[in-house]
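Chains as they are written, first to last, in the numbering used here: chain P, 1 to 176; chain L, 1001 to 1150.
Quick reminder that beta carbons are idealized off the backbone N, C-alpha and C, glycines included.
Computed from a prediction, not measured in an experiment: that's the story for all the values here.
Following this line, the structure appears as structure tokens:
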């Protein structure tokens, strides 16, 4: 999978195709983070194959619907449990992110794993995503935002618009 | 005596903080680039080092996440609890009458002047050029006279 753009949360339900031997196969539901429904269904089959004796060829997707974010206008701490393949083995990890939605947190995760561990999206499996209350957060880069009356100045601001104007006679301002 | 002198200096230093404009909950900011550029908003919560959750119910900014880079910090501040709802933000902003207070700030005046300059027509630009030339001429002749007399 290519985790391009913002990931979305899909609820995918699939089951084996009903046969004479098994007229009412058990449907299974999974929460899949993917870029679109096509990728979501594909990832569903990837996971379900590992967990159950089910394949895309002999199965069917009952439904694949987007699960819209809950309370997308409040900042939350997300704890993400993942399993990923590195170059020399497979490891479990627990990461924390501050974001407004699960989807945003998982998107941050994929970006960070690519940056810090060179892990490609296909080698990452998201096990669980949960909202973590402030007191239970473990990572300092998240807990530093839980301080009461948190405030900080912007002492030295850098002008990133280097090309508008590209040539100028005035030195850049560091306070704006 | 020396110890007392150092202490009083420290007290003066601490009362006049080096930085006065903080990124904090309730700080009114001016959005200088992005979707809602040119409008003011209030910081409702801090997401991470580079993102803030802002809201501007009295200025037409919906509750959204903006990057720190997009903002210019003003001197204005309202007292709101962290992560509070838009309704509460609106009541506090109207109580403090932030919109008129912002119009009095230098930032707002500069932004207005910039917008006015960008909206000048050809004739207005001509008039501006003529008035500039006239003023500069007067200034130059005055300085020359002063130089000659000194």
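Check                                                                                                                    : Outcome
Any chain P beta carbon closer than 8 Å to residue 1126 of chain L                                                       : no
Cβ-Cβ separation, residue 103 of chain P to residue 69 of chain P (assumed contact under 8 Å), whole Å                   : 6 Å
Inter-stretch contact at 8 Å, needing at least 3 Cβ pairs: the segment 41–53 of chain P / the segment 140–148 of chain P : no
Chain P within 8 Å of residue 1083 of chain L, Cβ atoms only                                                             : yes
Inter-residue CB distance, residue 85 of chain P and residue 123 of chain P (contact presumed, cutoff 8 Å)               : 4 Å
Beta carbon of residue 136 of chain P nearer than 8 Å to that of residue 81 of chain P                                   : no
Within 7 Å of chain P by C-beta, residues of the segment 1028–1051 of chain L in sequence order                          : 1045, 1046, 1047 and 1048
Proximity test, Cβ basis, 8 Å: residue 1129 of chain L and chain P                                                       : no
Burial state of residue 77 of chain P, where buried means 16 or more other Cβ atoms lie within 10 Å                      : buried
Spatially closest choice to residue 118 of chain P from P:39, P:97, P:88 and P:20, by CA coordinates                     : P:88
Coarse secondary structure for residue 89 of chain P, derived from DSSP in three states                                  : strand
Three CB pairs or more closer than 8 Å across the segment 1136–1143 of chain L and the segment 1091–1111 of chain L      : no
Contact list for residue 1024 of chain L against chain P, beta-carbon separation under 9 Å                               : 149, 150, 151 and 152
Contacting residues, own chain, Cβ-Cβ under 8 Å from residue 1099 of chain L (five flanking each side not counted)       : 1040, 1058, 1059 and 1093
Residue 1075 of chain L, DSSP secondary structure in three states                                                        : strand
Endpoints, beta strand (DSSP E) assigned at residue 1024 of chain L                                                      : 1022–1024
Whole-Å CB distance - residue 1053 of chain L paired with residue 1065 of chain L, under 8 Å assumed                     : 6 Å
Spatial distance of residue 83 of chain P from residue 55 of chain P (CA atoms)                                          : 22 Å
For residue 114 of chain P, the three-state DSSP class (helix, strand or coil)                                           : helix
The segment 67–92 of chain P: positions lying closer than 9 Å to chain L by Cβ                                           : 73, 74 and 75
Rounded straight-line distance, which links the Cα of residue 110 of chain P to that of residue 982 of chain L           : In the structure as shown, chain L starts at 1001 and stops at 1150, and residue 982 of chain L therefore has no counterpart that could be examined.
Residue-level contact to chain P via CB, residue 1065 of chain L, 8 Å cutoff                                             : yes
Contact test: residue 143 of chain P Cβ vs the ligand ATP heavy atom, cutoff 7 Å                                         : The ligand ATP is absent from the structure shown, which contains no ligands of any kind.
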